[in-house]
Amino acid sequence: MDHDRDSPDDPINYGVQEIEAARSVWTPGLLKIAYLSVFFVILGSSLETQASSNLVTYVTSDFSEHALISTISISTSLIAGAARVPIARLIDIWGRGEGYVMMVACTTLGLILMAVCNNVPVYALAQVFYYIGFDGGGYVLQVFLADTSSLRNRALVLALSSTPYILTTFAGPALAQYFQDNWSWRWAYTIFAVTTPLVSFPIIYLLFYTKYVAIRKGLIRSNELQRKEPWLEQMKRFAMQFDVVGSVLFVAGLAMILLPLSLRSDTPAGWLEPSMLTKFLTGYSALCLFAAWEWKFARVKLIPYRVIMDRTVLGSCLLCFIAFAAFK
294 MDHDRDSPDD PINYGVQEIE AARSVWTPGL LKIAYLSVFF VILGSSLETQ
344 ASSNLVTYVT SDFSEHALIS TISISTSLIA GAARVPIARL IDIWGRGEGY
394 VMMVACTTLG LILMAVCNNV PVYALAQVFY YIGFDGGGYV LQVFLADTSS
444 LRNRALVLAL SSTPYILTTF AGPALAQYFQ DNWSWRWAYT IFAVTTPLVS
494 FPIIYLLFYT KYVAIRKGLI RSNELQRKEP WLEQMKRFAM QFDVVGSVLF
544 VAGLAMILLP LSLRSDTPAG WLEPSMLTKF LTGYSALCLF AAWEWKFARV
594 KLIPYRVIMD RTVLGSCLLC FIAFAAFK
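The end of the sequence shown is residue 621 by the working numbering, with every number in the run present.
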């Protein structure tokens, strides 16, 4: 069996099969409503993020840990970025709707933890949950837009989906200041924890509604074998399909390597600091183990070999790397 294949008929990629089968269900009217819903979701999410990035100053100040602002920001961004590859695998296995619900739940959990935290470590953990959900949710929506738009209009659709950031760049800091002056940063996160699921509900409903219609029409095949399997067997199957070991090694290795590279300037001793060298060597070891696992042991590879060697993929990754390096 070739585990590198990525066809819609592969049972491992049920999410791909699902969205391709449901394309005929998405009428022009439903797509307009869905795109409008996505616009409001991105508007709300970007407003939350802009406000949250300004509220972190007040949070760390209340806990007398003002110096940790840059560390928290860099750490959460790195972890959220490294988690994108496993998230991509997740939505290919489960589906766009299921993956997006998980990201919304992760975002909401992070906001709740931020609202009730009593120290900086809990706040930092909450930020990790929040940014994984925020970044992953935005990624799932981008994939959905690419899945449902034509090649001719795809660039325009993706560009328009980013326009809310023009508004929230100015509104976010003002909103954060309003909460701090009139209520508190805890109230801000509490309100965001309530509004996030509410704003996301329309697009979630449409994703599951079109899936339901596609199943009723017989466009999506249900896997009766998996339904009859014991719960433990289903968990084993998911662990194999998701490549849990590979995902953990990849995210941990990438984060542990990038973290000391980003925080080196904030450390007086630089690379002579033992914790920096430990993080870097741990990350390097984890990535080596990831490569060995994917090559020899993984039944389903997290990153298929044919994708790694594709010149278009390599060129796109190199272009993004240069662009982000120039931006930073």
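Each residue gets a CB set at the ideal place from its N, CA and C atoms; glycine is no exception.
Three-way DSSP call (helix, strand, coil) for residue i in this model
| i | result |
| --- | --- |
| F356 | coil |
| I459 | helix |
| G511 | coil |
| P490 | helix |
| V378 | helix |
| R592 | coil |
| M602 | coil |
| W475 | It is worth fixing the name first, because residue 475 is Asn in this sequence and not Trp. If DSSP states are grouped into helix, strand and coil, N475 belongs with the helices. |
| P523 | coil |
| R316 | helix |
| C410 | coil |
| G546 | helix |
| R447 | helix |
| S454 | coil |
| G388 | coil |
| S330 | helix |
| D536 | coil |
| A339 | Residue identity check: residue 339 is Ser in the sequence provided, not Ala. Residue state, collapsed to three classes: helix. |
| E311 | helix |
| E587 | helix |
| P597 | coil |
Proximity to residue i [Cα-Cα], best of the options
| i | options | result |
| --- | --- | --- |
| I364 | I405, A548, Y482 and R316 | A small correction: the amino acid at residue 364 is Thr; Ile does not occupy that position in the sequence shown. When each option's Cα is compared against that of T364, the closest is A548. |
| A469 | A398, L340 and T489 | L340 |
| S493 | P597, T401, S455 and V538 | T401 |
| S330 | S454, L404, V436 and W588 | S454 |
| N412 | S357, G390, A398 and G388 | S357 |
| T489 | R389, G322 and Y423 | Y423 |
| L323 | I384, E311, M395 and Y498 | Y498 |
| Q420 | S346, K510 and L336 | S346 |
| T369 | L552, S568, G576 and L444 | L552 |
| D536 | A373, I380 and I372 | I380 |
| T461 | P597, P321, I335 and W588 | I335 |
| Y416 | P597, D355, V436 and M396 | D355 |
| Y577 | M396, L512 and L554 | L554 |
| I496 | A616, L570 and V397 | V397 |
| T353 | P414, M395, P321 and K325 | P414 |
| S443 | S568, N475, E313 and I508 | E313 |
| Y505 | G388, F573 and R445 | G388 |
Residues near residue i in its chain [Cβ-Cβ closer than 6 Å; skip 5 each side]
| i | result |
| --- | --- |
| Q473 | Y351 |
| A545 | A579 |
| E517 | Any reading at E517 must be qualified, since the residue scores a pLDDT of 48, below 50, and its modelled position is unreliable; the value itself is stated next. So the list is empty, once near-sequence residues are dropped. |
| C399 | F422, I425 and G426 |
Inter-residue CB distance, residue i and residue j (contact presumed, cutoff 8 Å)
| i | j | result |
| --- | --- | --- |
| S338 | F427 | 6 Å |
| Q343 | G465 | 2 Å |
| G429 | A376 | 7 Å |
| Y393 | V433 | 5 Å |
| S317 | L491 | The pair is not a contact, with the Cβ atoms about 30 Å apart (cut-off 8 Å). |
Contact set for residue i: own chain, Cβ-Cβ below 8 Å, skip 5 residues either direction
| i | result |
| --- | --- |
| W319 | A327, T441 and T503 |
| I601 | L607 |
| L438 | Y328, V331, R447, V450, L451 and S454 |
| F501 | G390 |
| F485 | E341, A344, S345 and L404 |
| S540 | V378, P379, R382 and L595 |
| L371 | L547, A548, L551, L552 and S555 |
Residues of its chain near residue i, where Cβ-Cβ distance is below 7 Å and the 5 sequence neighbours each way are ignored
| i | result |
| --- | --- |
| L542 | A579, L582, F583 and W586 |
| C482 | The amino acid occupying residue 482 in the given sequence is Tyr; Cys does not appear at that position. Excluding positions up to five away in sequence, the list reads L404, M407 and A408. |
| A373 | Y424, I425 and D428 |
| E526 | none |
| V538 | W586 |
Classification of residue i by the beta-carbon crowding that lies within 10 angstroms, buried from 16 upward
| i | result |
| --- | --- |
| A315 | buried |
| T456 | exposed |
| R599 | exposed |
| C613 | exposed |
| I459 | exposed |
| W480 | exposed |
| M528 | exposed |
| R604 | exposed |
| V487 | exposed |
| A532 | exposed |
| L570 | exposed |
| W588 | exposed |
| I550 | buried |
| W478 | buried |
| K325 | exposed |
| S610 | It should be noted that the sequence gives Cys, not Ser, for residue 610. Exposed: under 16 other Cβ atoms inside 10 Å. |
| K572 | buried |
| A467 | exposed |
Test: residue i CB closer than 9 Å to a CB of chain B
| i | result |
| --- | --- |
| C610 | Going by chain labels, chain B is absent from the structure shown, which holds only one protein chain. |
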